[in-house]
Amino acid sequence: MSLRSPLYSPRSPMLVLAILLSAGFLATSLLGYYAASTLLRDTILKALYLNLLIGLLVTVAVLALLYRLVVSYQRRIDAQAILDGLTELPNRRGFDLLAVQALHEAQREPKPLSALLLEVDNFKQLDSTHGHIASDQLLSGFARDLTDNVRHSDIVCRWSADAFALLLKDTDGQNGLKIAEKIRQRIEQQRYFCSGKQLRVTISIGLTTLQDEDTLHSLLSRADHALQRARQTGSNRTCVEMPHSSYE
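For the sequence shown, the residue numbers in UniProt numbering are 1 to 248.
Below, the structure is given as structure tokens:
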């Protein structure tokens, strides 16, 4: 998803530049015309029209190229603002934008929605033992496996250094639990080759479902509380938080 900044539009500077270039060219040509003798004016006038046409075409071509460059640059800036550089998943800012819309659609229909928070178990220990490069490779591989196990319509983001958030659209708690366990078991069986080393990891998952009165904050608060219970009760498991519990 590409989000354009509402505070910036490349059209305005392009228009100003076009006006300035055209005005400057026209002023220069007119000065040359009036400075010439009467006998040369007819010839100069024809040349003036031709030069104006050529100048206009060149100006349009240059502005079109500049516009494309500005738009491309703006898109890269927008992408960097909402995407995580390592995993290329949405970051928390990008997730907030997508999640608010998903919640609104689910509550308006209404349709079920499940929220998961996933955390790599003992990640700090893995990082200190194998190094940052291996940890980054591990997270990149984990992100790919995570997206491979959900639908294109679902929302996945990197929530923090070792945690990921997932919204499952049109998914109730029972089916959400099945998906969570499928992901957990897949990661447990996976082997990650990082910096010449073979790493195995497990994950803990907190799961909850959307309720009519939920905000994004209350929904994720329940999922986070479920994740903490999963970590405190041994890790490598999925815990479900009751929908009407409140952990603000």
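Every residue gets a Cβ at the ideal spot worked out from N, C-alpha and C, and that includes glycine.
- The beta carbon of A230 lies closer than 7 Å to those of S204, I205, G206, R237, T238, C239 in the same chain, with the five residues before and after it left out.
- In the DSSP assignment, S140 falls within the alpha helix (DSSP H) that extends over 132-148.
- DSSP places L126 in the helix class (H, G or I) of the three-state scheme.
- The C-beta of I54 has fewer than 16 other C-beta atoms within 10 Å across all chains shown, which makes the residue exposed.
- A distance of 8 Å or more separates the beta carbons of I82 and L103.
- As DSSP reads the structure, A163 sits in a beta bridge with E119.
- With contacts defined by Cβ atoms closer than 8 Å, E241 and T208 form a contacting pair.
- Within 10 angstroms of the beta-carbon of I155 lie 16 or more other beta-carbons, which makes it buried.
- Closest option to F142, judged by alpha-carbon separation, among L69, D162, S221: D162.
- The residue from T171, D145, L177, Q185 with its alpha-carbon nearest to that of T87 is D145.
- L118 sits close to F164, with the two beta carbons spaced by under 8 Å.
- Residue range 155-158 is occupied by the beta strand (DSSP E) that includes R158.
- Taking 8 Å as the cut-off, the beta carbon of K169 is found closer than this to the beta carbon of S153.
- Burial is judged here by how many other beta carbons sit within 10 angstroms of a residue's own beta carbon; I133 has fewer than 16 and is exposed.
- For G94, no beta strand (DSSP E) run applies; the uninterrupted alpha helix (DSSP H) run containing it begins and ends at 92-108, by DSSP.
- Counting along the chain, S218 sits inside the alpha helix (DSSP H) bounded by residues 216-232.
- R93 is positioned such that its CB atom lies no closer than 8 Å to that of N149.
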